[in-house]
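Residue 110 is where the sequence shown starts when you use our numbering, and the numbers rise one by one after that. All C-beta atoms, glycine included, are put in the ideal place defined by N, C-alpha and C.
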Amino acid sequence: MTTTDSLSEGDRAPNFTLHTDEAQPWELSDHLDQPVVLLFFPGAFTRVCTTELNTVNNDLGSFEPAHVAGISTDSPAVLSEFRSTQQLEFPLLSDHNADVCADYGAKYDHNFTDMGLDRIAKRSAFVVDQSGTIRHAEILDDAGQQPDFDALKRTVQGLNGS
Numbered sequence: 110m111t112t113t114d115s116l117s118e119g120d121r122a123p124n125f126t127l128h129t130d131e132a133q134p135w136e137l138s139d140h141l142d143q144p145v146v147l148l149f150f151p152g153a154f155t156r157v158c159t160t161e162l163n164t165v166n167n168d169l170g171s172f173e174p175a176h177v178a179g180i181s182t183d184s185p186a187v188l189s190e191f192r193s194t195q196q197l198e199f200p201l202l203s204d205h206n207a208d209v210c211a212d213y214g215a216k217y218d219h220n221f222t223d224m225g226l227d228r229i230a231k232r233s234a235f236v237v238d239q240s241g242t243i244r245h246a247e248i249l250d251d252a253g254q255q256p257d258f259d260a261l262k263r264t265v266q267g268l269n270g271s
């Protein structure tokens, strides 16, 4: 289920700057005033990704006070339309070249060249604490699976002394 050569709990989270669905820069280190939940997903407007992000959005209060951000290799324009149509209340970040996905071990090793795609994010979830340390890491090889939302919430709540 989880890859072995990827980041895991206790590792330092690689800092990054990506552009949001509103074409604004978003840097991880600027958001470490609270825990950060990073949700890597394969693609906007797909059934499983839509379900995942709506599940988090509909229960966003359970992730407070963490910052939540979704990350895919879709362009900011596609992510903007996706966020708007789904009425998501957290930013979506474009990792168009899949560099951040690769840094986190959340990029498929094989390309989907038969579909004209050379970069796809694995469905993955990370919780980064205020010191920049990964406190929860889950990388799913099966894009049809969902992250363990309860484990994400427990990790965030544990970091806040709840």
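With respect to the C-alpha of Ser138, the residue from Leu147, His205, Ala252 and Thr182 having the closest C-alpha is Leu147. Within the stretch 122 to 172, the complete beta strand (DSSP E) segments of 3 residues or longer fall at 126 to 129, 134 to 136 and 145 to 149, listed in chain order.
Between the alpha carbons of Lys262 and Phe172 lies a distance of about 6 Å.
Boundaries for Ser115: no alpha helix (DSSP H) harbours it, and the DSSP string shows neither H nor E there. Ile243 places its beta carbon 8 Å or farther from that of Ser115. A direct Cα-to-Cα measurement between Val177 and Lys216 gives close to 20 Å.
The stretch 192 to 206 makes contact with the stretch 126 to 141: 3 or more CB pairs, one atom from each, lie closer than 8 Å. In the three-state reduction of the DSSP assignment, Thr264 falls in the helix class, which pools H, G and I.
Taking the CA atoms as reference points, Gly253 sits about 6 Å from Val157. For the pair Asn269 and Gln143, the Cα-to-Cα distance works out to about 9 Å.
Contact annotation, Asp204 with Pro123: C-beta distance approximately 12 Å; criterion of less than 8 Å not satisfied. The beta carbons of Ala230 and Phe150 sit closer together than 8 Å. Here His245 is actually not in contact with Phe258; their C-beta atoms are around 11 Å apart, not less than 8 Å.
For Arg244, the uninterrupted beta strand (DSSP E) segment begins and ends at Ile243 to Ile248.
Sequence-distant Cβ neighbours of Asn166 in its own chain, meaning closer than 8 Å and more than five residues away, are Gln195, Gln196, Leu197, Glu198 and Phe199.
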